[in-house]
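Novice: This note's numbering puts the first residue of the sequence shown at 28, with every later residue one more than the last.
C-beta atoms are modelled at their ideal positions from N, C-alpha and C, and glycine is treated no differently.
Next up is a structure, given as structure tokens.
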Amino acid sequence: MPAPRTALGAAWVPFRYAWPLDRLESRFKFSANLACGRALSTLWLREPAPDALPAWLVPVPLHVDRLRQRGYNQALELARPLAKRLGVTLRRDVLIRQRPTAAQTELGALQRRRNVRGSFVAREHVAWPDHVALLDDVMTTGATLAECARVLRRAGVQRVDVWALARAPAIKA
């Protein structure tokens, strides 16, 4: 069955951000519980993969300050086993978060879009494939993924799909 189409391209978001997955994801992301991350990847890999796989899988990057604080990028940790199992090239070096952004958990939809606008850049002198998938842990409004997709399209990528472990409930503007 083809993946659903979105303004961002095809989306592979197999779960709702609800109990018990939300607890595992929170422990993984905010409490450095990498075992929870491995469990989440295992659950994700049990779901049917999209029919049209991308050439590259690009995890949403953290700003260097947030990476130092957390010690790892949760999107990258989720992406590793997916890329390996699906035979997709993992590229963690081609999209850069050039400035820190506020945590989005307490922001509305419009604030989220403004928060991430201009915060990502594509690495120069990259031979981009036509089809790339962006990966993030949770998609709420899609603001982060949309901004990353905008940057990748501007760099020359024709099709940008979005993969996220879970979709959070809609929030107000």
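For a quick check, are the C-beta atoms of R124 and F147 less than 7 Å apart?
Specialist: Result yes, Cβ atoms of R124 and F147 sit closer than 7 Å.
Novice: Apart from the five residues just before and just after P22, which ones in its own chain have a Cβ nearer than 6 Å to its Cβ?
Specialist: Here the chain has residues from 28 to 200 only, and residue 22 is not among them.
Novice: List the residues that DSSP assigns as beta-bridge partners of D188.
Specialist: Answer is A160, bridged to D188.
Novice: Taking C-beta to C-beta, are V85 and V159 nearer than 7 Å?
Specialist: Yes, these two residues count as a Cβ contact at 7 Å.
Novice: When the distance is taken between beta carbons, is P77 closer than 7 Å to A37?
Specialist: Yes, the Cβ-Cβ distance between A37 and P77 is below 7 Å.
Novice: What does the alpha-carbon distance come out to for the pair T171 and A193?
Specialist: Computed Cα separation, rounded: 14 Å.
Novice: Can you name the start and end residues of the beta strand (DSSP E) that A149 belongs to?
Specialist: Start and end: F147 to A149.
Novice: First and last residue of the alpha helix (DSSP H) that includes G64?
Specialist: First-last of the alpha helix (DSSP H) with G64: L61 to L72.
Novice: Just tell me which of A195, D188 and I198 has its CA closest to the CA of A79.
Specialist: Of the listed residues, the one whose Cα sits closest to A79 is D188.
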